[in-house]
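Engineer:
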Amino acid sequence: MSNHPPILLMPQGSAGDVHPFVGIGLEMQRRGHHVTLATNGYFSELAERVGLPFVQIGTAEQFNEVAKNPDLWKPSIKSTRVVFGVSAQVVPDQYALIQSLHEQDERLIVVAGPLAFGARIAAEKLGVKHVTIQLAPAVFLSAVDPPRMPGVVLPTWLPLWIRKSVWNLAMSMVDRIACPDVNAFRSQVGLTKPMRQIIRWMNSDQLTVGMFPEWFAKPASDWPSSVRLSSFGLYDERTDQTLPPEVQSFLNRGDKPVVFTPGSANCHGKAFFVESVKACQLSGRRGILLSRYPETIPDKLPDTVKHFEFVPLSLLLPHCSALVYHGGIGTLSQACKAGVPHLVMKLSHDQFDNAYRLEQLGVGQSCKPSGYKAGRVARMLDALILSPKVKQRCEQIRDQMRAEDGVGATCGLIEKMHANVETSDQI
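The sequence shown runs 1 to 427 under our numbering.
(1) Assuming S321 contacts L234 (C-beta within less than 8 Å), just tell me the rounded distance between them.
(2) What number of angstroms, rounded off, separates the C-alpha of H349 from the C-alpha of Y95?
(3) Have a look at S230 and D303 and give me their C-alpha separation to the nearest angstrom.
(4) Whole angstroms is fine: what's the gap from M171's alpha carbon to C336's?
(5) In its own chain, which residues sit with a C-beta less than 8 Å from the C-beta of K129, not counting the 5 before and 5 after it?
(6) Assuming L381 and A271 are in contact, meaning their beta carbons sit under 8 Å apart, how far apart are those beta carbons, in whole angstroms?
(7) What separation, rounded to the nearest whole angstrom, lies between the Cα atoms of F21 and P53?
(8) Hey, could you find the ends of the alpha helix (DSSP H) I329 is sitting in?
(9) Compute the beta-carbon to beta-carbon distance between T296 and F273, rounded to the nearest angstrom, for a pair I have assumed lies under 8 Å.
(10) Identify whether A60 lies in helix, strand or coil by the three-state DSSP scheme.
(11) Using the Cα positions of L301 and R286, report the straight-line distance between them to the nearest angstrom.
(12) Could you pull the start and end residues of the beta strand (DSSP E) that M10 belongs to?
(13) Note the first and the last residue of the continuous alpha helix (DSSP H) segment covering R357.
(14) Can you list, in chain order, the residues of its chain with a C-beta nearer than 7 Å to that of M149? Leave out the 5 residues immediately preceding and following it.
(15) Can you tell me which of the three DSSP states F216 falls into?
(16) Counting C-beta neighbours from all protein chains within 10 Å, is the total for I7 16 or more, i.e. buried, or is it exposed?
(17) Do the CB positions of D71 and V82 come within less than 7 Å of each other?
(18) Within the continuous alpha helix (DSSP H) that includes S79, where are the two ends?
(19) Hey, could you find the ends of the alpha helix (DSSP H) Q365 is sitting in?
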């Protein structure tokens, strides 16, 4: 038996949710742990490519079906219903896998995304060591430092009790959608007391790691006491040190282009790309369109705009003038590391809060999809790219991130938690 406890990684979501876990897995392997990645089959090829043992929980067909659901991308209760509905479906498989691996080695550490409810239930019922990875600060729903959420802005001049009441109301609405299925399974395994406020409950009370730096979001006094911060998880499937020849060739043909992407799983980006191409033409800028869904790309692109299905942002962005995207935290972190301005077309979830924080940092601007029109986008790009102040702030953040290692710091926190638990068990 290895001296290092086995690690089960259990992310739930799109590439932006899974990539940080792959980074954690590779680092934990390097440190001597046996690591297993358990998530949707859509990511099986990625796991095989990087050498992480893989267990499928949910099929690629189910992943694509969810991605095609337009409600997923809307800032409404419909989006909440989609996200929590698909998460509840895989709880039995998650729990069964954890139970089996825990029986084989009780030192097992489950490192899971907040939507991997099976991991939280296993921690309650089986006493499994459980770490929650939170990739963005908005999910903590602080009343002390309220995040900007779709349709909800709570200014700090409002009395604290009002801010708390608003979040309690919001959580009760989520509970009506999410709790029945999760509580039904909890009851099946003998946890008869109903769980409430699932947004709070899904954070591990053993260790919750916020994979973002304090300069992006300083911990509020009403965050869970188990929260510790590391920094952004920057893994992005980069396997080479050089760009693909066709990408490098396009970059060599002119000025630094603007990169446009509506999100790795967004198959509803046609209008986004149409307006993006027009914005490039209006502003005289070159553009790169990133999407794995070619049907969303306009049929005829000008010579100054090129489509690629996938390019690692860590390689591409240092050669570009700006990034236009949906505000997902993984994409955001790569733009911060590259030191380029952000233009965010915020769609749903934590993207509104992420965009607000970028604006406060002085490195970006944002708009809603209804305001994403070519003329406005061209003007916003000019304002960002030509601003000396924005350039300076982007460079400051880039330099700051060079000293940070979010994946390494997260692995250190996980190992420290294990060591503390082992020590307390021996006393």
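In this text, a Cβ means the ideal position worked out from N, Cα and C, and glycines have one as well.
Structural biologist: On the basis of the coordinates in this document:
(1) About 21 Å separates the two Cβ atoms, so there is no contact after all.
(2) Rounded to whole angstroms, H349 and Y95 show a C-alpha spacing of 26 Å.
(3) Computed Cα separation, rounded: 42 Å.
(4) Computed Cα separation, rounded: 31 Å.
(5) Contacts found: P5, R107, L108, I109, V110, A123, Q206, M417, H418 and V421.
(6) With a Cβ gap of about 18 Å, L381 and A271 do not count as contacting.
(7) Using only the alpha carbons, I get a separation of about 13 Å.
(8) Segment I329 to A338, the alpha helix (DSSP H) holding I329.
(9) The beta-carbon distance between T296 and F273, rounded to whole angstroms, is 6 Å. This is short enough to meet the 8 Å contact definition.
(10) Here A60 sits in helix by DSSP.
(11) When rounded, the distance between both Cα atoms is 11 Å.
(12) From DSSP, the beta strand (DSSP E) with M10 extends over I7 to M10.
(13) Residue range Q351 to L361 is occupied by the alpha helix (DSSP H) that includes R357.
(14) Here the set comprises A138, F352 and D353.
(15) In this structure, F216 counts as coil in the three-state DSSP scheme.
(16) Per the 10 Å Cβ criterion, buried.
(17) Cβ distance < 7 Å, so D71 and V82 count as in contact.
(18) Its alpha helix (DSSP H) spans residues I77 to Q89.
(19) Looking at the DSSP string, Q365 is not in any alpha helix (DSSP H); the run it does join, the beta strand (DSSP E), is G364 to C367.
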